[in-house]
Amino acid sequence: MSTAWFTHALVPWYREHQRPLPWRRSSDPYAVWLSEVILQQTRVDQGTAYWLRFMERYPRVELLAGAEEDDVLRLWQGLGYYSRARNLLTAARQVVHEHGGRFPTTHAQLLHLKGVGDYTAAAISSICFGQADAVVDGNVYRVLARVFGIATPIDSTAGRKEFRALAARLIDPTAPGDHNQAVMELGATVCSPKRPRCGECPLADRCSALAHGRIEALPVKEGRTQVRERHFNYLHVQAGERIYVQQRGPGDIWQGLWELPLVETDEALGPRSFNKLTAHLPGGTSGGKWTLVDQMGPVKHVLSHQHLIARFWRVIPPPGLPLPTSWRAVDTSTLAQLALPRLLERYLEGTASESTRLL
DNA sequence: GAAGCGTGGGG
DNA sequence: TCCCCAAGCTT
């Protein structure tokens, strides 16, 4: 059965109604790639300012490839999923050193770039190089599930396969870039998860879900991610203009970002449990005494798979106690140069308390 | 194949 | 308040 009606209804609608997003004025694969990585699991409203910032600081892939990871992370600060920033730098260096500074043009070649998966490769190959590779993202799942009345769970293996095959069948080889963006634009602006605006939809008269009252029921999703609770105790150790910080290592959240020295505990420590905390501090049970100056919290911070419950302890180490070598004393004026998780940024801004404003 | 990875906005 | 979701990728 022909499916040409799909693209014939959608692409003209897109060309008239698309939002004027800055990266759409360019067919430079660097600009498009950057936008696609930024928009992975991220809303346009949140990502746009970052795209502009990156394009200004690193207008070409050679300039990004020459950057320091710390600087890239700092520019990425607040956007989340920080592996994207590290992979971004790796991929830029791949383009420069393995492809002579020119982006590869096929889906298969693009897939070798770090941080470029099936979706991003298809987006670049279709938008920049006119190749008929169909994108399948959250928007596409939703639009196709509703229009074609598909109840297969989108987060199942069978679902991914079914939707990928359907998207591949639907794509318009004469305008694959516009076609792909049209489906995503419809999903983002009209066929929204909650209360879609079916009255404005160019596919309304072909939509199975609308005809059968199944709009709210589709798409179907089966899995729910379980969330783990963690208790973070941050040590605010400051002497004059200097404060101790630590860089997070691999194998956990916020890799490569900076934070205050951290003591993680199995249980929450209450405001009057400083004696319990001291058992976990350098010097431990022996040695001199840590002094509590102030404390605040708990502050809840929600991540995709973890709920952090943080308490901030402003303390003074025992005189003469050697501190861990991983702790680095930095001038408070240089804190703003470090890539910080939002939780730490907020604390150091002092917006959550009367504590000294450090950012 | 499942689990892990941030942050913010909307209903 | 809570839950869902967002132009996904890596291990």
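Using the working numbering, read the first sequence as starting at 92 and increasing by one per residue.
All C-beta atoms, glycine included, are put in the ideal place defined by N, C-alpha and C.
In this structure Y325 is in contact with A401, their Cβ atoms being roughly 6 Å apart against a cut-off of 8 Å. A427 is the residue among A427, A249, V231, T211 whose C-alpha sits nearest the C-alpha of W349. Per DSSP, R437 is one residue of the alpha helix (DSSP H) stretching across 433-440. The residue among L180, V135, A359 with its C-alpha nearest the C-alpha of L155 is L180.
Beta-bridge analysis with DSSP links M92 to no other residue.
By the Cβ test, the segment 292-301 is in contact with the segment 224-241, since at least three Cβ pairs between them sit closer than 8 Å. The distance from the Cβ of G347 to that of Y173 is about 6 Å, consistent with a contact at the 8 Å cut-off. By the neighbour-count criterion, in which a residue is buried when 16 or more other Cβ atoms sit within 10 angstroms of its Cβ, R116 is exposed. From the listed residues R315, G268, A212, the smallest Cα separation to S118 is found for G268. Excluding the 5 residues flanking it on each side, E127 has same chain C-beta neighbours closer than 7 Å at T211, A214, I215, in chain order.
Taken through DSSP and simplified to helix, strand or coil, D422 comes out as strand. As DSSP reads the structure, N324 sits in a beta bridge with V354, R402. Partner residues in a beta bridge of T416, as assigned by DSSP, do not exist. For R184, same chain residues with a beta-carbon under 8 Å away, outside a window of 5 residues either side, are A156 in chain order. Distance check between T265 and each of L257, A256, P352, F220 places F220 closest, using alpha-carbon atoms only.
If you draw a 10 Å sphere on the C-beta of P150, you find fewer than 16 other C-beta atoms in it, and that means exposed.
Its chain contains N178, T181, A182 as the residues whose beta carbon lies nearer than 6 Å to that of K205, once the 5 sequence neighbours on both sides are disregarded; these appear in chain order. Annotation for Y335: V328, P352, W418, A420 place their beta carbon closer than 6 Å to its own, counting only its chain and skipping 5 residues before and after.
Shown here for P362: same chain residues with a beta carbon closer than 7 Å to its own, the five before and five after excluded, namely Q386 in chain order. A straight line joining the alpha-carbon of G278 with that of E320 spans about 33 Å. Between the alpha carbons of Q272 and L450 lies a gap of roughly 39 Å. Measuring C-alpha to C-alpha distances from A122 to each of L360, R286, R144, F97 identifies R144 as the nearest. Under the three-state reduction of DSSP output, R333 falls in the strand class. Nearest to N230 by C-alpha distance, out of S247, V207, F254, I218, is F254. By the Cβ-count criterion, V274 is buried, with 16 or more other Cβ atoms from all chains shown falling within 10 Å of its own Cβ.
Counted as a single uninterrupted DSSP element, the beta strand (DSSP E) harbouring D385 occupies residues 382-393.
By alpha-carbon distance to L429, the top candidate from P103, W124, E159 is E159.
When secondary structure is reduced to three states using DSSP, I129 falls in the helix class. Where R255 is concerned, the enclosing alpha helix (DSSP H) starts and stops at 248-261. Taking 4 residues as the shortest admissible run, the segment 165-212 contains the following complete alpha helix (DSSP H) segments, listed from N- to C-terminal end: 174-189, 198-201.
Where H270 is concerned, the enclosing alpha helix (DSSP H) starts and stops at 267-280.
For D136, the enclosing alpha helix (DSSP H) starts and ends at 135-148. DSSP, read as helix, strand or coil, puts I218 in helix. For S299, the enclosing alpha helix (DSSP H) has its first and last residue at 299-302. Take H396, set aside five residues on each side of it, and the residues of its chain with a beta-carbon closer than 8 Å to its own are T316, Q317, V318, R319, in chain order.
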